[in-house]
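To start, the structure under review is shown below, and the notes come after it.
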Amino acid sequence: MWLRRQGCLRPAGCGVEELRRRRREREAALRKARREQQLISKRLLRDDAPEEGEGGCVAVILGQAEIQQFLQLAQRGTEEKERGRALVSLRRGLQHPETQQTFIWLEGSMRTLVGLLTSNQALLQLEAARCLHELSHSEQSAVAEACLPATSYLLTYLSGHSSDFISPHVTVLEALGYALSQLLQAKEAPEKIIPSVLGSTLPQHMLQLLQPGPKLNFGVAVEFAWCLHYITCSQVNNALLITHGALSTLGLLLLDLAGAVQRTEDAGLELLACPVLRCLSNLLTEAAVGAVGEQMQLRDERVVAALFILLQFFLQKQPSLLPEGLWLLNNLTANSPSFCTSLLSLDLIEPLLQLLPVSNVVSLLVLTVLCNVAEKGPAYCQHLWPGPLLCSLLGTLAFSDTEVVGQSLELLQLLFLYRPEAAQAFLQQSGLQALERHEKEAQLQDRVHALQQTALHS
Amino acid sequence: MQLPPAVHARLAGGPGAAEPLPVERSPKAGAVPFRFTARQVRFPREHEFFEDGDVQRHLYLQDVLTQVAGAPERPRVPEFTCQVAGCCQVFDALEDYEHHYHTLHRNVCSFCKRAFPSGHLLDIHILEWHDSLFQILSERQNMYQCLVEGCTEKFKTSKDRKDHLVRRHLYPADFRFDKPKKNMSPATPRATVQVSAEALGAEGEQVEGDAMEVCSEPAGERHTAGRRVLFVSEYLLPSVLVKGHHEDLKAPRKEINTSDD
């Protein structure tokens, strides 16, 4: 549902260059904020907000009595449109932090709102969802915390409809997911909020909303996938998520995403791919993975195929996500002979090498994955040489980044160890000269020297 | 980046893991001065590795939220009335009608005509209200299941279950999806059915209703709206309802949008 709106973003009379400039500015501001640990500042999300179209209204401070009045009207008014208008007025008020404060401390206000979120009238439900959005921007996490208890109730009511794609229900679900994601980003979330979320039935609900298939709503899935990411990267109790089948659900979702990428050029899919990749990568590191049954693990070779389809997509549309995809590939291959074999049998070494020129971070990750394969022994290195790998390594040895060169040296060591013929070929292709340029580099010289010896004695 | 066709074929294939090639390591691998060890990596939330993805996420949110702040134009159609017998709700937006239909008329119990928000809750209702075996079994064991999916608790009585929902799952204290049997809504032509956590009717009133059903107007207690207009939607909707295939609600929508009305 969010994606449908993306088409109407351009302010009137705005040239493409101007838009690009603004976007770069916004990006720079966000990067700065993140480094200062201020990224969740709600203020940042609203800075660019244009003035409201309807009569140029700005946020109004509402008092307790007014809020109560609007709520009463919304709840018990006789005219549907009148009730809707009351909620619109309330929402405008809620754009102001003072009104937000008054609202959340007013007895019964949240309960009334929750009731309206399950109204059988579409207009009211939509307006209530917008109010919830406004509340999610409260600087005080008290608001989102107030939503938390009601979330279970709302999800029971709303999830039953997911197969019907009723628009207002979807809006409410997205608003809920968004509010929850705000809450989960709070500084105190790992100690206070995440444990109580994990102790409730929310994880099962969330995973259900991430099940691929005809019932999946993209906008809803995006919000709850990010919720799941904030939970998993906080490392509170990921084992619990694994017992709920998180790995298999997310794995299937990854397959679904790759399928979608093949069918359409829609550039919005990375919004969901990013948190899914992150969750999978972090969950795979849990010791619990080994302890659960087959069903709960991630062994499906199709995941590798899906991941490469996504990497190809990222290269085209969102290169900044390549490192995240490769991070998953590392976590899949590091301890898994099966996944390493898949890389070889599906002929994915060459596509992997094609990513080397993208950036230093990407090169480093590609080389690490290749090392994961090579370190498994001669049976694996047999498939790495003869082949394009050696030539690529001669290329990376010419990079200026010390870490990239260092990892190239590690890979060469493994290759020479398990495939001695490769060392000879290396010599013939002026490998020694390629090594020489790094002889003086402190971090590299010992390894350079060792490789020179190995090559010469091969 | 060129992918071999085998990759796409594999994705379309069935689940399965590759038979691994034999692993055979030498102790020299990764030995000093080398240092490589294959290991999984985890990143905590604030790690700079996530910077790019986080920035993209927030750019998206900024775009979306400026949209949410302004209410989008909802397409209006000529007014029409709900065709379900006894229901005279009038609409001028298809989205509203669809919502009304799915909320009040979709998951209806064929025995007692009560309406429910979802198929799941309808199933539970039928089991608890219209299955005589259930009554017999519930005398000996806890049969009333918790409504929250994922919670496996069961209870002796409906009231116990309700208490559990309120205490454990923090449902609103006076939550009811039902309406008292007596018609409490004002008798205005456009009266709409209220379903909210704050139930209609005085609190504490003894109600026959099940604590989870959506209320539906008993037949015959409503009178038609003043105006009744015949439009394209009128002759389309009955056929949809007769078939009972609600997916077809999508079809009439298309036709209405392209009509000249």
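From first to last, the protein sequence lines stand for chains X and D.
Residues in the first sequence are numbered from 1 upward in steps of one, following UniProt numbering.
Residues in the second sequence are numbered from 1 upward in steps of one, following UniProt numbering.
Note that the Cβ used here is the ideal one computed from N, Cα and C, for glycine as well.
Non-local C-beta neighbours of Lys156(D) in its own chain, meaning closer than 6 Å and more than five positions away in sequence, comprise Asn142, ordered along the chain.
When 8 Å is used as the limit between beta carbons, Cys274(X) is near these residues of chain D: Gly53, Gln56 and Arg57, in chain order.
Residues of chain D whose Cβ lies closer than 8 Å to the Cβ of Ser408(X) do not exist, since the nearest Cβ in that chain is about 11 Å away. Note on the stretch 264–323 of chain X: there is no whole beta strand (DSSP E) run with a minimum of 3 residues. Secondary structure at Lys154(D): strand, using DSSP grouped into helix, strand and coil.
Per DSSP, reduced to three states, the secondary structure at Ala115(D) is strand. Residues are counted here when their Cβ sits less than 8 Å from a Cβ of chain D; for the stretch 88–118 of chain X these are Val88, Gln95, Arg111, Thr112, Val114, Gly115, Leu116 and Thr118, given in chain order.
DSSP places Ala175(X) inside the alpha helix (DSSP H), whose first and last residues are Ser167 to Leu184. C-alpha of Asp300(X) to C-alpha of Gln452(X): approximately 40 Å in a straight line. If you check the CB distance, Leu280(X) and Leu241(X) do not come in under 9 Å. Going by beta carbons, Thr171(X) and Leu124(X) fall outside the 9 Å limit.
Taking the Cα positions, Ile67(X) is about 7 Å away from Leu90(X). Under the Cβ criterion of 9 Å, Phe308(X) is counted among the residues facing chain D.
Leu432(X) is the residue among Leu432(X), Leu250(X), Glu36(X) and Ser363(X) whose C-alpha sits nearest the C-alpha of His457(X). Counting only runs of 4 or more residues that sit fully inside the stretch 51–109 of chain D, the alpha helix (DSSP H) segments are 51–69 and 94–100, in chain order.
DSSP places Arg35(D) in no alpha helix (DSSP H); its state is neither H nor E. Neighbours of His205(X) in chain D, taken as residues at a C-beta separation under 8 Å, are given in chain order as Glu149 and Gly150.
Between the C-alpha atoms of Pro378(X) and Pro22(D) there is a straight-line separation of about 9 Å.
For Met110(X), the enclosing alpha helix (DSSP H) starts and ends at Ser109 to Leu117.
Taking C-alpha positions only, Ile124(D) is separated from Leu133(D) by approximately 14 Å. As far as DSSP is concerned, Gln64(X) takes part in no beta bridge. Within chain X, Asn120 have C-beta atoms less than 7 Å from the C-beta of Thr103(D), given in sequence order. With its beta carbon less than 9 Å from one in chain X, Asp96(D) belongs to the interface. Between the stretch 396–412 of chain X and the stretch 362–370 of chain X, the count of Cβ pairs shorter than 8 Å is three or higher; the stretches touch. For Val77(D), the nearest beta carbon of chain X is not closer than 9 Å to its own beta carbon.
Taking every protein chain shown into account, the CB of Phe111(D) has fewer than 16 other CB atoms within 10 angstroms, so this residue is exposed.
Close CB contacts of Leu411(X) within its chain, under the 7 Å cut and outside five residues either way in sequence, are with Leu367, Leu370, Cys371, Ala374 and Leu393 (chain order). Under the three-state reduction of DSSP output, Tyr230(X) falls in the helix class. Taking a beta-carbon distance threshold of 9 Å, Phe49(D) counts as an interface residue toward chain X. In this structure, the CA atom of Ser118(D) is about 9 Å from the CA atom of Val108(D). For a cut-off of 8 Å, the C-beta gap from Ala129(X) to Ala175(X) is around 4 Å, short enough to register as a contact. Think of a sphere of 7 Å around the beta carbon of Pro351(X): the chain D residues whose beta carbon falls inside it are Met1, Gln2 and Leu3, in chain order. At a cut-off of 9 Å between C-beta atoms, Glu128(D) does not count as an interface residue with respect to chain X. Annotation: Arg92(X) to Val60(X) spans about 6 Å, alpha carbon to alpha carbon. Listed in chain order, the non-local C-beta contacts of Leu209(X) below 6 Å within the same chain comprise Val220 and Phe224, local neighbours out to five positions each way being set aside. Annotation for Leu127(D): Phe134 place their beta carbon closer than 8 Å to its own, counting only its chain and skipping 5 residues before and after.
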